[in-house]
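Residue numbers (the numbering used here), protein chains in the order written: chain A, 2 to 166; chain B, 39 to 495; chain C, 94 to 245. So the structure is just underneath, and the comments pick up after that.
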Amino acid sequence: MDGQAILLRLTATFGSGIVESHDHRGDHTAVVERSAIRDVLAFCRDDPDLRFDVLMDLTALDYLKYPGREFGPRFEVVYHLYSLPHNHRLRLKVRVDDEGAVVPSAVSLWPIANWFEREVWDMFGIRFDGHPDLRRLLMYEEFQGHPLRKDYPVNKRQPLIGPKN
Amino acid sequence: MAERTTRELYLGEGSGTGSGSQHLYVNVGPSHPAMHGIIRIFAELDGEIMVKADVEIGYLHRAFEKECEVGPYNNAIPYTDRLNYVSPLINNFGYASCVEKLLGIDATERCKYIRVIMSEISRICDHLTCIGASTMELGAFTVFLYMIKAREYLWELVEDVTGARLTISYARVGGVKADLPDGFALKTRKAFKETRQVLEEVHKLLTGNRIFMDRMVGVGALSREETIAYAITGPLLRAAGVPYDVRRAQPYWAYDRVEFEIPTGRNGDNYDRYLVRMAEMEQSMRIVEQALDEMPGGPINVDVRGRPIDPATYVDLGKQGKTEGLLLVPLTLSPNLAGLEKPVHRAVNVADKRVVLPPKEDTYGSIEGLMNHFMLIMEGNGIRPPLGEAYLPVEGANGELGFYIVSDGTDRPYRVRCRPPCFPPMAALHRMIEGGMVADVVPTFGSINMIGGELDR
Amino acid sequence: MGLGPFFGAKLDEAIGWARKYSIFQYPFVTACCGMEYMATACSHYDVDRFGAGLVRFSPRQADVLFVVGTISHKLAPALKRVYDQMCEPKWVVAFGVCTCTGGFYDNYATVMGIDTLIPVDVYIPGCPPRPESVLDGLMKLQEKIAAGAQRY
Numbered sequence: 002m003d004g005q006a007i008l009l010r011l012t013a014t015f016g017s018g019i020v021e022s023h024d025h026r027g028d029h030t031a032v033v034e035r036s037a038i039r040d041v042l043a044f045c046r047d048d049p050d051l052r053f054d055v056l057m058d059l060t061a062l063d064y065l066k067y068p069g070r071e072f073g074p075r076f077e078v079v080y081h082l083y084s085l086p087h088n089h090r091l092r093l094k095v096r097v098d099d100e101g102a103v104v105p106s107a108v109s110l111w112p113i114a115n116w117f118e119r120e121v122w123d124m125f126g127i128r129f130d131g132h133p134d135l136r137r138l139l140m141y142e143e144f145q146g147h148p149l150r151k152d153y154p155v156n157k158r159q160p161l162i163g164p165k166n
Numbered sequence: 039m040a041e042r043t044t045r046e047l048y049l050g051e052g053s054g055t056g057s058g059s060q061h062l063y064v065n066v067g068p069s070h071p072a073m074h075g076i077i078r079i080f081a082e083l084d085g086e087i088m089v090k091a092d093v094e095i096g097y098l099h100r101a102f103e104k105e106c107e108v109g110p111y112n113n114a115i116p117y118t119d120r121l122n123y124v125s126p127l128i129n130n131f132g133y134a135s136c137v138e139k140l141l142g143i144d145a146t147e148r149c150k151y152i153r154v155i156m157s158e159i160s161r162i163c164d165h166l167t168c169i170g171a172s173t174m175e176l177g178a179f180t181v182f183l184y185m186i187k188a189r190e191y192l193w194e195l196v197e198d199v200t201g202a203r204l205t206i207s208y209a210r211v212g213g214v215k216a217d218l219p220d221g222f223a224l225k226t227r228k229a230f231k232e233t234r235q236v237l238e239e240v241h242k243l244l245t246g247n248r249i250f251m252d253r254m255v256g257v258g259a260l261s262r263e264e265t266i267a268y269a270i271t272g273p274l275l276r277a278a279g280v281p282y283d284v285r286r287a288q289p290y291w292a293y294d295r296v297e298f299e300i301p302t303g304r305n306g307d308n309y310d311r312y313l314v315r316m317a318e319m320e321q322s323m324r325i326v327e328q329a330l331d332e333m334p335g336g337p338i339n340v341d342v343r344g345r346p347i348d349p350a351t352y353v354d355l356g357k358q359g360k361t362e363g364l365l366l367v368p369l370t371l372s373p374n375l376a377g378l379e380k381p382v383h384r385a386v387n388v389a390d391k392r393v394v395l396p397p398k399e400d401t402y403g404s405i406e407g408l409m410n411h412f413m414l415i416m417e418g419n420g421i422r423p424p425l426g427e428a429y430l431p432v433e434g435a436n437g438e439l440g441f442y443i444v445s446d447g448t449d450r451p452y453r454v455r456c457r458p459p460c461f462p463p464m465a466a467l468h469r470m471i472e473g474g475m476v477a478d479v480v481p482t483f484g485s486i487n488m489i490g491g492e493l494d495r
Numbered sequence: 094m095g096l097g098p099f100f101g102a103k104l105d106e107a108i109g110w111a112r113k114y115s116i117f118q119y120p121f122v123t124a125c126c127g128m129e130y131m132a133t134a135c136s137h138y139d140v141d142r143f144g145a146g147l148v149r150f151s152p153r154q155a156d157v158l159f160v161v162g163t164i165s166h167k168l169a170p171a172l173k174r175v176y177d178q179m180c181e182p183k184w185v186v187a188f189g190v191c192t193c194t195g196g197f198y199d200n201y202a203t204v205m206g207i208d209t210l211i212p213v214d215v216y217i218p219g220c221p222p223r224p225e226s227v228l229d230g231l232m233k234l235q236e237k238i239a240a241g242a243q244r245y
């Protein structure tokens, strides 16, 4: 199935659940309503024509300083899906605002989402609803803030021991 | 009084009698001798059985993704070297290709072949290190010495091409730093001869070895379904019997023009992973040999039509305003810039003034070249992809290595995300070691080939 | 003047000579530099020529702590712990520019040089240092071991 057909199919199935879609540089992308994301992910995984059985990547973006997006929803959670049987790819996105940055968790669909979501929580401070164990993954518990947010200075250190160099 | 059980002997009086067993909690790592990497496993043990394992990572978090946002596009290349420091060339090229995709440009033919050749050499180095280090931890020190010996021959090749052994920064957006040196094909064949010999010796030492097989066969196995659910790719997925390889599934560079096989295993255990890696090294050498034969347009020698002068004199003349006719004089570049001569430069780099630095002859010899150079170097100028985003997967040594780059139209990436190939296996590590013996952690962890720089970024 | 100081000095020299050729090292390997550390230890460069071939994976049995690779703030307490567990006399080698100064990782996660945590005897710069410069650093360390006052 080629990317355009996948997008059409998603739009036909979910209607207003799909906010917009594009295929910049051949990467077919659909922006999904937050309330619909879990259903869309489950559909993508289980539908026999789509069969996206691998959650290749899950990450997030902070649009705080992006031209034209300064006032819109601040974060975007990005899912990269891949299908082993059909050899096609799809990118899904969910937009969330700073306040109440919570996205439904995908752990029940793919166990790998567990660590990916922990990393996103650690780096961006986006919570995942239904995650069994949402701890920091890369930084330590004592760390304050979320380093990949655009308002976190690159060299603001919070040492555990030693001088504040 | 009941007889003391073995369990009580290990775990203390009272354990195993009456109120049930006591589990022992052991902290393994972060600096553990039998692990070539810094992770921490918080293990719950029942005797020698691993009941529950909690894997903690992040000890080598170096803020790769944040650092990439600080500088221009080409400045991120040294950071990508240090992602997977065992096969840095693949990371380099993966990043550069992703930016090229974002820009909507395509590398030249020769450059694609160079990328294939250098990536495969890098992949062999990675597998050599992986097998060498993990077998060393099992006590087979000889194999380690042999494999590092072979890696040293390959590193000499890498050094010839890039000027460095390990952290090479060889790729540029739109091309590579310099062309392959003279006699590279011959040296490669020599190094491969040595490598093949080492592989043969290692096969004799390990593949049928009873002790080795006892430690590897059936250990750390993960079913096919679970491997896919954990998004594991690369040798671990192929060992579970799924022939997925980005080079074949979605060919990039020149991989659709070379022949190679995708070795697969059946059981997904440590032994199959070892066999898959051994077979892949042979396939990589095959790819390199084909690519060397098919590579188009060898380096062209500079055509000396006039009096050669050194770059310093050239620049001095330009400063004095004696620019007339300067472009007609072919330059002899300093030896440090070998491989960057103008004709060579054109063969390996994209002809796009917005992306690639002009040849040094132009920078020194003509005002257009100088301006072009400045436009790419000056802050706020440089490579400026249009607004948008791109994800590009390449086959890293441990699996699918993906770069996801978002551009905001300036000369710095807005966000660089690296999909690390050894992150998913580490997330699944607890599934591989739970229920096994403590000692099995070592071969299983070795077979994952965890690379800290890539895992924690 | 008696013979005491004379023999004392000669004994110091003898012990220094012995110590410098029997370096038991503890490699605290974290990152990229570990690859060059492997290369140095193996056949091509053979660190055993300098009596430093025996790697002890317990800090309690080691003389020299090789800190190889970037130290992050998350790892810093572990490094300090390992250093504290080593018995006197002990030396520390900072292997690679990340351990010397933090290198180009000037960010929220990394320690800007391990000398902010523990005392360092020899700095080997390079990202990563070539095996030749590692061996050079090792010989510098040997000189330092032999020249220092010996405690026993």
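Where is the CB? At the ideal position from N, CA and C, for every residue including glycine.
Going by the DSSP bridge assignment, what does residue i pair with across the sheet?
i      : result
L439/B : V432/B
H81/A  : D58/A, R92/A
Q118/C : V148/C, V157/C
Measure the C-alpha to C-alpha separation of residue i and residue j and round it to an integer number of angstroms.
i      : j      : result
A134/B : V89/B  : 44 Å
A134/C : G146/C : 7 Å
D478/B : M205/C : 36 Å
V476/B : M179/C : 26 Å
R90/A  : V211/B : 25 Å
E318/B : P301/B : 7 Å
V382/B : R457/B : 33 Å
W237/C : A132/C : The amino acid occupying residue 237/C in the given sequence is Lys; Trp does not appear at that position. Cα to Cα, the separation comes out at about 24 Å.
R160/A : H99/B  : Reading off the sequence, residue 160/A comes out as Pro, not Arg. P160/A and H99/B: Cα-Cα distance of roughly 14 Å.
A107/A : R96/A  : 16 Å
L414/B : N200/C : 26 Å
I127/A : T448/B : 26 Å
G16/A  : F44/A  : 14 Å
P164/A : I211/C : 11 Å
Using the beta-carbon of each residue, which ones in chain B are nearer than 9 Å to residue i?
i      : result
M140/A : G96, H99
T133/C : Residues of chain B passing the Cβ test: none, with the nearest at roughly 10 Å.
Run through chain A and tell me which residues come within less than 7 Å of residue i, C-beta to C-beta.
i      : result
D199/C : N156
Would you mind telling me which residues of chain A sit closer than 9 Å to residue i, beta carbon to beta carbon, in chain order?
i      : result
L147/C : What L147/C touches in chain A: nothing, since even the nearest Cβ is about 30 Å away.
W166/C : One point to set straight first is that residue 166/C is His, not Trp, in the sequence displayed. What H166/C touches in chain A: M140, Y141, F144, R158, Q159, P160, L161, I162, G163.
Sorted by chain position, which residues of the same chain lie with C-beta nearer than 7 Å to residue i's C-beta, five sequence neighbours on each side aside?
i      : result
E158/B : S322, I325, V326
T60/A  : V79, V121
R315/B : H165, C168, I169, P273
R469/B : L260, E264
D390/B : I143, G212
R46/A  : F53, D54, L110
V393/B : L141, I143, V211, G212, I421
How would you list, in chain order, the residues of chain B whose beta-carbon sits under 7 Å from the beta-carbon of residue i?
i     : result
R26/A : K139, L140, G142, G426, A428
Go through its chain and collect everything with a Cβ distance to residue i's Cβ below 8 Å, but skip five positions before and after it.
i      : result
R119/A : H132, D134, L135, R136, R137, L138
G336/B : No answer about G336/B holds up, because its pLDDT of 43 lies below 50 and its placement is not dependable.
M35/B  : Any answer about residue 35/B is impossible in this case: the structure gives chain B only from 39 up to 495.
G474/B : I87, M88, V257, G258, T482
Might you give, ordered along the chain, the residues of its own chain that have their beta carbon closer than 6 Å to the beta carbon of residue i, omitting 5 neighbours on each side?
i      : result
T203/C : T163, S165, G195
G132/B : V432, L439, F441
V32/A  : V20, E21, K94
L140/B : P423, A428, I443, S445
Do we get a CB-CB distance below 8 Å when we pair residue i with the residues of chain E?
i      : result
A240/C : Within the model displayed, chain E is absent; protein chains A, B and C are what it includes.
Which residues in chain A have a C-beta closer than 8 Å to the C-beta of residue i? List them in chain order.
i      : result
G437/B : Simply none; closest approach about 10 Å.
A169/C : P160, L161, I162, G163
What residues from chain C crowd round residue i, counting only those whose CB sits closer than 7 Å?
i      : result
V196/B : Per Cβ cutoff of 7 Å: no residues; V196/B is ~12 Å from chain C at best.
Is there contact between the region 36-55 of chain A and the region 427-435 of chain B, where contact requires at least three CB pairs shorter than 8 Å? no
Please confirm if the region 439-446 of chain B is in contact with the region 146-164 of chain B, defined as three or more CB-CB distances below 8 Å between the two stretches. no
Tell me whether the region 271-288 of chain B and the region 239-246 of chain B touch, counting them as touching only if at least three CB pairs, one residue from each stretch, are closer than 8 Å. no
Would the region 109-128 of chain C count as touching the region 217-225 of chain C if we require 3 or more Cβ pairs under 8 Å? yes
Evaluate contact between the region 249-269 of chain B and the region 215-228 of chain B, counting only Cβ atoms and requiring at least three cross-stretch pairs below 8 Å. no
Assess contact between the region 146-160 of chain C and the region 145-162 of chain A, defined as three or more Cβ pairs (one per stretch) separated by less than 8 Å. Is contact present? no
Stretch pair the region 107-116 of chain B + the region 153-160 of chain C: three plus CB contacts closer than 8 Å: no
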